[in-house]
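Chains as they are written, first to last, in my numbering: chain L, 4 to 266; chain R, 4 to 266.
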């Protein structure tokens, strides 16, 4: 394994949920955002909202970034060039989420190199309408994810990841042996158990319906936790589709056949 | 602006489309992938495919990564825990693209810190079926983007980005003044023109229909180029929806109301 200061910074990553009283300077914020902007992009169709209101921010953190897919900005540019956006929203969303996430990860890494910790909040997509009201977002701007940042007041260990044999596949996707699945599960579960991760967070997810609880914090770990999320929660895409629609995104519309403006 | 080795690495980013004959060692590949894996994630629902077949890879590059959204792996894990995935595919796609892109950007930055250049290929989403055949992907694995890597045989300048005033908004999304739009356009257009970017690539996009060409490579630049893409191409989402469907993703299905397996 090759190590240099950049790779060390990347490998040291962990989510931070406690922050000191120190406020990052404007220069620090600008450095982090400019590092974000230098990420590769398809269309640069993102915007960053910033709140420095500690009272409102999660964990009273000094910085809360809300990372948005922004089609509004480019539509304004196109209007100046006498063009109208015609590409379908699904394509723009698939490419836009990538643009926005590449930027976000640069911010995480740059922040860490300057001593700041961070934590993503993935719930923004379900609260898009509320966030849009807070920040007065125009239509065609969709809040994708939030990123909390500040100086860490905790120093948790780095969390486990899948083994390489369960992540990287050369030339052909494998038919997994049962043992490969088991090893991947074991690496995640034993790793989180060794850190007492779910016990400390008291994060066990209750079972719906007729399933009977058989786990204690001695054996409840990552694969069971994620299984309970993906196996019990949110079967219906309509909540998300509605949030997208309210922000002016229509994933199934052919924009030539139905050319009326979505706004 | 704060500068350190990590931020310098991030700010130095540019896409590389010419590569030397040198092949990155296994250790280099492993270091890049492990740096990728350490990115934050919601569900780690990605996989990486690797081709070292220079003859097949774009620009005969030594490494071609194909970054996939992978629900298959977690469904295998859930089956071992006697769970069935029930969360809607749209949510998994919105979160999965983030997981995969955060990982990808770590790979780009780690690679660059080790002397490797890279370039994303965004066309994978439209060629998903073909890529799935090549790598024998099971259903529920969707190729999101490809990342070409190798040692650079060119040293282009870094490309322009929007001004900060067009990217970062504190407390409230602004009503843009016309001048703000113009400054953002000017920064992008004059930046690319100064580098002769489109002239060197001979990349002018032809005009469809009745529009008359009025641009030469003296004034054709980024905002006109992207306007022609977003204003002329791909109005119909059905091509993408079909690629997703063929890979076993259904963005509008309520998995409880229609619980039959998609495979």
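A virtual CB, placed ideally from N, CA and C, is assigned to each residue, including glycine.
Q) Got a sec, what are the start and stop residues for the alpha helix (DSSP H) residue 188(R) sits in? A) It spans 181-197 - the alpha helix (DSSP H) in which residue 188(R) sits, taken as one unbroken run.
Q: Out of 6(L), 41(L), 247(L), state which residue places its alpha-carbon closest to the alpha-carbon of residue 163(R).
A: 41(L)
Q | residue 114(L), enclosing alpha helix (DSSP H) - first and last residue | A | 92-116
Q | Of the listed residues 203(L), 242(L), 76(L), nearest to residue 166(R) (C-alpha basis) | A | Relative to the Cα of residue 166(R), the nearest Cα in the group 203(L), 242(L), 76(L) belongs to 76(L).
Q. Taking 8 Å as the CB-CB limit, is residue 266(R) close to chain L?
A. Here the model assigns residue 266(R) a pLDDT of 41, short of 50, so the residue's position is not dependable, and the following value carries that caveat. Chain L, which has no Cβ nearer than 8 Å to the Cβ of residue 266(R), makes this no.
**Q.** Classification of residue 206(R) by the beta-carbon crowding that lies within 10 angstroms, buried from 16 upward
**A.** Flag for residue 206(R) reads exposed.
Q.
Tell me which residue opens and which closes the alpha helix (DSSP H) that residue 81(L) is part of.
A. 75-83
Q: Assign residue 225(R) to buried or exposed, taking buried as 16 or more other Cβ atoms, counted over all protein chains shown, within 10 Å of its Cβ.
A: Residue 225(R) should be labelled buried.
Q | Contact check, residue 111(R) vs residue 16(R), beta carbons under 8 Å | A | yes
**Q.** Completely contained alpha helix (DSSP H) runs for the region 9-48 of chain R, where each covers 4 or more residues
**A.** Taking only runs of at least 4 residues, the alpha helix (DSSP H) segments lying wholly in the region 9-48 of chain R are 29-40.
Q: Determine the direct distance from the alpha carbon of residue 79(L) to that of residue 184(R), and round the result to whole angstroms.
A: 7 Å
Q | Spatial distance of residue 139(R) from residue 39(R) (CA atoms) | A | 23 Å
(Q) Taking the straight line between their C-alpha atoms, what separation do you get for residue 28(R) and residue 57(R)? (A) 14 Å
Q | chain R residues whose Cβ lies nearer than 7 Å to that of residue 101(L) | A | 100, 104, 148
(Q) Check for me: the alpha helix (DSSP H) holding residue 234(R) runs from which residue to which? (A) 225-235
Q | Contacting positions in the region 141-166 of chain R - beta carbon closer than 8 Å to chain L | A | Within the region 141-166 of chain R, the qualifying residues are 141, 144, 147, 148, 161, 164, 165.
Q: Compare the C-alpha of residue 293(L) against each of 62(L), 65(L), 72(L) and name the closest.
A: Residue 293(L) is absent from the structure shown; chain L starts at 4 and stops at 266.
Q) What separation, rounded to the nearest whole angstrom, lies between the Cα atoms of residue 220(R) and residue 91(R)? A) 47 Å
Q) Within 10 angstroms of its Cβ, does residue 64(L) collect 16 or more other Cβ (buried), or is it exposed? A) buried
Q | Anticipated Cβ contact below 8 Å, residue 98(L) with residue 125(R), distance rounded | A | 6 Å
Q. Opposite residue 149(R) in the DSSP bridges: which residues?
A. 69(R), 124(R)
Q: Identify the contact partners of residue 173(L) in chain R, using a Cβ-Cβ distance below 9 Å as the criterion.
A: Identification of chain R residues near residue 173(L) by a Cβ-Cβ cut-off of 9 Å yields 52, 53, 54, 55, ordered along the chain.
Q: Select from 171(R), 200(R), 228(R), 238(R) the residue whose C-alpha is nearest the C-alpha of residue 54(L).
A: 171(R)
Q) Taking the alpha-carbon positions, what's the residue 178(L) to residue 234(L) distance? A) 23 Å
Q) Do we get a CB-CB distance below 8 Å when we pair residue 208(L) with the residues of chain R? A) Not an interface residue.
**Q.** Nearest neighbour of residue 62(R), chosen from 154(R), 228(R), 147(R), 202(R) [CA to CA]
**A.** 154(R)
Q. Residue 141(L): buried (16+ other C-beta within 10 angstroms of its C-beta) or exposed?
A. buried
(Q) Between which residues of its own chain and residue 120(R) is the CB-CB distance below 6 Å, once the five residues before and five after are set aside? (A) 19, 155
Q) With respect to the alpha helix (DSSP H) encompassing residue 136(L), which residues constitute its N-terminal and C-terminal limits? A) 131-138
Q: Run down chain R in chain order and give the residues with a C-beta less than 7 Å from the C-beta of residue 258(L).
A: Neighbours of residue 258(L) in chain R, taken as residues whose beta carbon is under 7 Å from its own, are 238 in chain order.
Q. Going along the region 17-39 of chain L in order, which residues come within less than 7 Å of chain R, judged by CB to CB distance?
A. 18, 30, 31, 33, 34, 36, 37, 38
Q: Under 8 Å by Cβ, that's how I've got residue 10(R) and residue 34(L) pegged, so tell me the actual separation to the nearest angstrom.
A: The beta-carbon separation of residue 10(R) and residue 34(L), rounded to 6 Å, stays under the 8 Å limit for a contact.
Q) Any beta-carbon of chain L closer than 8 Å to the one on residue 10(R)? A) yes
**Q.** Euclidean distance between Cα positions of residue 265(R) and residue 101(L)
**A.** Unreliable placement is indicated for residue 265(R), whose pLDDT of 45 sits below 50; the coordinate value is still reported in the next sentence. Answer to the nearest angstrom: the Cα atoms are 26 Å apart.
Q | Inter-residue spacing [alpha-carbon to alpha-carbon] between residue 204(L) and residue 161(L) | A | Roughly 16 Å separates the two Cα atoms.
Q) What is the rounded straight-line gap between the Cα of residue 254(R) and the Cα of residue 93(R)? A) 5 Å
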